[in-house]
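Report on the structure given below.
Protein chains: 2
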Amino acid sequence: MSGVIAIDGMGGDDAPAAIVAGALEAAREGIEVALVGDQAILERELIILDPAKPPSTLRIVHASDAIEMGDHAALEARTRRDSSIYIGLQLVRRGEAQAFVSLGNTGAVYALSLVLLGRIKGIERPALGAVFPIPSGPVLVLDVGANAEVRPNHLEQFARLGVAYMREVMGVRDPSVGLLNIGEEPTKGTPDTIAANELIAASGLRFVGNVEGRQIFEHAADVVVADGFTGNVVLKTTEGVVDITFSEIRKAANSTLRAKLGGMLLRPALRGMAQKMDYRQYGAAPLLGVDGVVFIGHGRSDGHAVANAIRTAAVAVDRRLREVLTESVGTPASSAEQSGTTEANA
Amino acid sequence: MSGVIAIDGMGGDDAPAAIVAGALEAAREGIEVALVGDQAILERELIILDPAKPPSTLRIVHASDAIEMGDHAALEARTRRDSSIYIGLQLVRRGEAQAFVSLGNTGAVYALSLVLLGRIKGIERPALGAVFPIPSGPVLVLDVGANAEVRPNHLEQFARLGVAYMREVMGVRDPSVGLLNIGEEPTKGTPDTIAANELIAASGLRFVGNVEGRQIFEHAADVVVADGFTGNVVLKTTEGVVDITFSEIRKAANSTLRAKLGGMLLRPALRGMAQKMDYRQYGAAPLLGVDGVVFIGHGRSDGHAVANAIRTAAVAVDRRLREVLTESVGTPASSAEQSGTTEANA
Numbered sequence: 001m002s003g004v005i006a007i008d009g010m011g012g013d014d015a016p017a018a019i020v021a022g023a024l025e026a027a028r029e030g031i032e033v034a035l036v037g038d039q040a041i042l043e044r045e046l047i048i049l050d051p052a053k054p055p056s057t058l059r060i061v062h063a064s065d066a067i068e069m070g071d072h073a074a075l076e077a078r079t080r081r082d083s084s085i086y087i088g089l090q091l092v093r094r095g096e097a098q099a100f101v102s103l104g105n106t107g108a109v110y111a112l113s114l115v116l117l118g119r120i121k122g123i124e125r126p127a128l129g130a131v132f133p134i135p136s137g138p139v140l141v142l143d144v145g146a147n148a149e150v151r152p153n154h155l156e157q158f159a160r161l162g163v164a165y166m167r168e169v170m171g172v173r174d175p176s177v178g179l180l181n182i183g184e185e186p187t188k189g190t191p192d193t194i195a196a197n198e199l200i201a202a203s204g205l206r207f208v209g210n211v212e213g214r215q216i217f218e219h220a221a222d223v224v225v226a227d228g229f230t231g232n233v234v235l236k237t238t239e240g241v242v243d244i245t246f247s248e249i250r251k252a253a254n255s256t257l258r259a260k261l262g263g264m265l266l267r268p269a270l271r272g273m274a275q276k277m278d279y280r281q282y283g284a285a286p287l288l289g290v291d292g293v294v295f296i297g298h299g300r301s302d303g304h305a306v307a308n309a310i311r312t313a314a315v316a317v318d319r320r321l322r323e324v325l326t327e328s329v330g331t332p333a334s335s336a337e338q339s340g341t342t343e344a345n346a
Numbered sequence: 001m002s003g004v005i006a007i008d009g010m011g012g013d014d015a016p017a018a019i020v021a022g023a024l025e026a027a028r029e030g031i032e033v034a035l036v037g038d039q040a041i042l043e044r045e046l047i048i049l050d051p052a053k054p055p056s057t058l059r060i061v062h063a064s065d066a067i068e069m070g071d072h073a074a075l076e077a078r079t080r081r082d083s084s085i086y087i088g089l090q091l092v093r094r095g096e097a098q099a100f101v102s103l104g105n106t107g108a109v110y111a112l113s114l115v116l117l118g119r120i121k122g123i124e125r126p127a128l129g130a131v132f133p134i135p136s137g138p139v140l141v142l143d144v145g146a147n148a149e150v151r152p153n154h155l156e157q158f159a160r161l162g163v164a165y166m167r168e169v170m171g172v173r174d175p176s177v178g179l180l181n182i183g184e185e186p187t188k189g190t191p192d193t194i195a196a197n198e199l200i201a202a203s204g205l206r207f208v209g210n211v212e213g214r215q216i217f218e219h220a221a222d223v224v225v226a227d228g229f230t231g232n233v234v235l236k237t238t239e240g241v242v243d244i245t246f247s248e249i250r251k252a253a254n255s256t257l258r259a260k261l262g263g264m265l266l267r268p269a270l271r272g273m274a275q276k277m278d279y280r281q282y283g284a285a286p287l288l289g290v291d292g293v294v295f296i297g298h299g300r301s302d303g304h305a306v307a308n309a310i311r312t313a314a315v316a317v318d319r320r321l322r323e324v325l326t327e328s329v330g331t332p333a334s335s336a337e338q339s340g341t342t343e344a345n346a
C-alpha cells in the first residue's frame with residue numbers, strides 16, 4: 001500500500017480549489033491523502049465541491065500559514081514553521097506521511113526538503129526531474145531548475161538518480177542516459193560538460209553520450225541530464241512552443257469555412273494526440289536526491305493534474321523510491337567531494 | 001544596390017545541389033551572386049539544374065578544398081586557404097563581395113571570420129543570431145552557439161548587436177531586449193545572469209528584464225540574449241518540438257477515415273500556418289559583431305531556403321548592416337575589458 005500522501009493545499013495558481021478537487025479525486029480511488037493547509041478554507045472548499053461527507057481516505061491537517069511565490073518568500077521559508085509546506089514535509093519526516101506533493105513555491109519546497117528530510121548519502125545536490133511526454137515514451141530531464149549552477153560530478157549524480165527513477169517508478173527497462181549539450185562530439189560544450197561526459201561515460205550507466213535539444217524529442221535517451229538553468233529553459237521553451245503551435249492550429253482551423261469543417265472532423269484525433277503530449281499526464285516533477293519522496297507540480301495544474309500528481313507520488317511510495325535511490329547511488333564516484341552548499345533557484 | 005553576395009557552394013547537407021539551386025533562384029532576381037567552390041562540380045550542377053546559360057548575375061569562384069563538418073575540421077580551417085569558406089571570406093575582406101553566406105561548418109566560418117574580417121570595435125565576442133518566426137513577428141535570439149561560455153559584458157554587447165540588427169535589417173521599430181533566464185525577478189539565475197541584468201538595465205536599451213523560455217514565444221521581447229550554450233539548446237529544442245508536433249498531427253490526420261477527411265480539408269490552412277512558423281523563411285543566422293556581413297544557414301536548408309539566405313544577406317548589405325553595427329556599439333560600457341580570447345563551439 002502506498003501509505004499517506006500529503007499535499008500542499010495552499011500552493012498553485014488555482015489553489016485551493018484545484019488542490020481540493022484533485023485530492024478528492026485521488027482519495028475516492030482509495031489513496032490516503034492528507035490535505036495540508038488552512039482548515040476553514042479547505043473545509044469550505046470541500047463542501048463546495050461535494051456537499052456529501054468526504055471519503056474516509058481524505059483528512060485535513062491544519063496549517064495556518066501559506067508561503068507565497070517568489071524568491072523572497074523562499075528565503076523566509078525556514079522560519080515559517082506554520083506554513084503548509086513546512087507542516088507537510090514535517091509529516092513525511094515523522095513518518096506520518098510517506099510523500100509530499102506541492103504546486104507552490106519550488107524554492108521553498110527545495111530548501112525545506114533539505115532542512116527537514118536531508119539528502120541521500122552520496123548526493124550533494126538534489127535535482128528536480130521533469131517527465132517529458134514524448135509520443136514514443138516518457139523522457140526524464142533533470143535538473144529543471146533546482147540548481148542554476150552545478151559541477152560535473154553533480155551531473156553524474158543526476159544521471160544515477162534519473163536512471164533509478166525511470167527504472168523503478170516509470171517502469172523503463174535499463175534506461176539510457178544522455179548529457180544535454182550543443183553537439184554530439186564529446187569535446188563539445190563547456191569545460192564542465194566535457195568533464196561530465198567523461199564522468200558519466202565511466203559511471204557504468206548506459207550512457208549514449210551528448211544529446212542535443214532536438215534529440216530529447218527523438219527519444220535519444222530515457223534520461224537527459226543538464227544543469228538546472230539549461231534544463232529549466234528547455235522545459236519552458238517546450239511549453240511555449242507547444243502552446244503557440246496548438247493556438248495557431250486553432251486559429252488555422254477557424255480561418256475559413258473549409259478549415260472549420262476540417263477542424264471539426266479532425267478534432268477527436270487531435271485531442272487524443274494533445275492528451276498524449278500533455279505534460280500534465282505525469283502530474284508532477286520528482287525532487288530526486290532528498291531523503292524522502294517529494295513531488296513539485298506545475299503551478300498551472302488543474303484538479304485532474306493534481307490527482308495525477310498524487311497518483312504518481314503513490315506509485316513512487318509503492319515502488320519504494322526512497323530506498324531504491326539510496327541503494328542506486330550508494331557508490332558514488334564523487335562522495336569524497338561532499339559539499340554542504342545548496343541553493344534553490346527555480 | 002546590394003553588391004555581391006558570396007555563397008559557399010560546398011557547405012550543407014544537400015550541397016552542392018541545394019546551394020546551386022538557391023544561388024540560381026537569387027541570381028535570376030538580379031542579386032549578384034558569387035558561387036564559391038569546386039568549379040567543375042558547380043558547373044556540372046548548374047547544367048543539371050538549367051541547361052541554358054546561367055544568368056549574368058551568377059559567377060563561380062573556384063575553391064579546390066571544402067571543409068567538412070565537425071570540430072576537428074574547424075580547428076584546421078585557418079590553414080586550409082583553398083577552402084570555399086576561406087576564399088569566400090577572402091572575397092569579402094578584399095571588397096570583391098559584400099557578404100558571405102555558408103551552410104557549412106559553423107565553427108570554421110566563425111574562426112575564419114575572426115581571422116579574415118576581425119571584430120567590430122567594442123565587440124569582444126561575435127554572436128550567432130537566430131530569427132524565430134513567432135506568428136506575431138520575428139524574435140531574434142542570440143547567441144545560439146558561437147560562444148559556449150560568455151561573461152556578463154558579452155551579453156550586454158549581444159543586446160546592442162541584436163537591437164541594431166532587428167531595427168535596421170528586420171525593420172522593427174525601437175526593438176525591446178530581454179535576458180533569457182529561469183525567472184522574471186532580477187535576482188534569478190546565475191551570478192553571471194544577475195550581473196548581465198544590471199548591465200543591460202543600465203545600457204540605455206529598451207530592456208524588459210528577464211525572459212523565460214516560454215516567453216520567447218509570447219514575444220515578450222524582440223531580442224532575447226543568452227549565452228551560446230543555452231541559446232543553442234533553445235534553438236534545437238524548438239526545432240525538436242515543432243518537428244514532433246507536426247509529425248504527430250500528420251499521424252493523427254491519418255488515424256481514422258473521419259480524421260483523414262478532416263486533415264484534407266484543413267490542410268491548406270495548416271500549410272499556411274506551418275510556413276509562417278518555418279525557420280527557413282529567414283534563411284540564415286547573422287554572425288553579428290564580425291567586421292563584415294556573414295550569415296550561417298541551417299545545414300538542412302533546401303534551395304528555396306538558400307535563396308532566402310542570399311536575399312537576407314542582400315538586404316543586410318543594402319541597409320549597411322556593417323556600418324550600422326559599428327555605429328550602434330561605438331560606446332560600449334565594457335570597452336575597457338577588451339579581451340583577445342575567442343572560441344567557436346558550435
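Heads up: the protein sequence lines correspond to chains A and B, in order.
Position 161 of the first sequence, counted from 1, bears residue number 161 in our numbering, the numbering being contiguous throughout.
Position 96 of the second sequence, counted from 1, bears residue number 96 in our numbering, the numbering being contiguous throughout.
Ideal Cβ positions, reconstructed from N, Cα and C, are used throughout, including at glycine.
TODO: Return the first residue and the last residue of the alpha helix (DSSP H) that residue 93(A) is part of.
DONE: 84 to 93
- [ ] State the DSSP-derived secondary structure class of residue 178(B), mapped to helix, strand or coil.
- [x] strand
Open item on the list: With a threshold of 8 Å between beta carbons, is residue 135(A) in contact with chain B?
Closed with: yes
TODO: Starting from residue 138(A), follow its DSSP beta bridges and name the residues at the other end.
DONE: 133(A)
TODO: Could you tell me whether the Cβ of residue 200(B) comes closer than 8 Å to any Cβ of chain A?
DONE: no
Open item on the list: Suppose you measure from the CA of residue 13(A) to the CA of residue 187(A); what does that come to, to the nearest Å?
Closed with: 43 Å
TODO: Could you pull the start and end residues of the alpha helix (DSSP H) that residue 303(B) belongs to?
DONE: 303 to 318
- [ ] Measure the CB-CB distance between residue 67(A) and residue 105(A) and report whether it falls below 8 Å.
- [x] yes
Task: Which of helix, strand or coil DSSP assigns to residue 287(B) - done: strand
Task: Rounded straight-line distance, which links the Cα of residue 135(B) to that of residue 273(B) - done: 9 Å
- [ ] Could you tell me the distance, in whole angstroms, from the CA atom of residue 289(B) to the CA atom of residue 226(B)?
- [x] 15 Å
- [ ] Following the continuous beta strand (DSSP E) through residue 8(A), name the residue where it begins and the one where it ends.
- [x] 4 to 8
Task: residue 171(A) classed as buried or exposed, judged by whether at least 16 other C-beta atoms fall within 10 angstroms - done: exposed
- [ ] Have a look at residue 56(A) and residue 317(A) and give me their C-alpha separation to the nearest angstrom.
- [x] 20 Å
TODO: Count the other C-beta atoms from every protein chain shown that fall within 10 angstroms of the C-beta of residue 79(B), then say buried if there are 16 or more, exposed otherwise.
DONE: exposed
Task: 8 Å contact criterion, which residue 35(B) and residue 7(B) should meet: CB distance rounded - done: 6 Å
TODO: Would you mind sorting residue 275(A) into buried or exposed? The rule is 16 or more other CB atoms within 10 Å of its CB.
DONE: exposed
Task: Of the listed residues 269(B), 257(B), 189(B), nearest to residue 252(A) (C-alpha basis) - done: 269(B)
TODO: Please report how far the alpha carbon of residue 182(B) lies from the alpha carbon of residue 233(A), in whole angstroms.
DONE: 6 Å
TODO: Give the DSSP-derived three-state secondary structure of residue 76(B) in the structure shown.
DONE: helix
Open item on the list: Spatial neighbours of residue 11(A) within its chain, please: C-beta separation below 6 Å, excluding the five flanking residues on both sides.
Closed with: 102, 103, 104
Open item on the list: How far does the alpha helix (DSSP H) with residue 219(B) in it extend, from its first residue to its last?
Closed with: No alpha helix (DSSP H) holds residue 219(B); DSSP gives it neither H nor E.
Task: the segment 110 to 117 of chain B in contact with the segment 286 to 305 of chain B per 3-pair CB rule at 8 Å - done: yes
Task: Contact set between residue 232(B) and chain A, taken where Cβ atoms lie within less than 7 Å - done: 182
Task: Cα-Cα separation, residue 111(B) to residue 140(B) - done: 22 Å
TODO: With distances taken Cα to Cα, identify the nearest neighbour of residue 75(B) among 108(B), 53(B), 60(B), 143(B).
DONE: 108(B)
Open item on the list: In the DSSP assignment, the alpha helix (DSSP H) including residue 59(A) goes from what residue to what residue?
Closed with: No alpha helix (DSSP H) holds residue 59(A); the beta strand (DSSP E) holding it covers 58 to 62.
- [ ] Assign residue 278(B) to one of three DSSP states: helix, strand, or coil.
- [x] coil
Task: Extent of the continuous beta strand (DSSP E) run through residue 203(A) - done: Note, residue 203(A): premise wrong, no beta strand (DSSP E); not H, not E.
Open item on the list: Please report whether the beta-carbon of residue 249(B) lies at a distance below 8 Å from any beta-carbon of chain A.
Closed with: yes
Task: chain A residues whose Cβ lies nearer than 8 Å to that of residue 241(B) - done: 217, 237, 238, 241, 242, 245
Open item on the list: For chain A, check one thing: does any of its Cβ atoms lie closer than 8 Å to the Cβ of residue 261(B)?
Closed with: yes
Open item on the list: I want to verify the contact list: residues of chain B whose CB lies under 9 Å from the CB of residue 258(A), in sequence order.
Closed with: 265, 266, 268, 269
Task: Which of helix, strand or coil DSSP assigns to residue 119(B) - done: strand
Open item on the list: For residue 266(B) and residue 259(A), which I take to be in contact (beta-carbon distance under 8 Å), what is that distance rounded to the nearest angstrom?
Closed with: 5 Å
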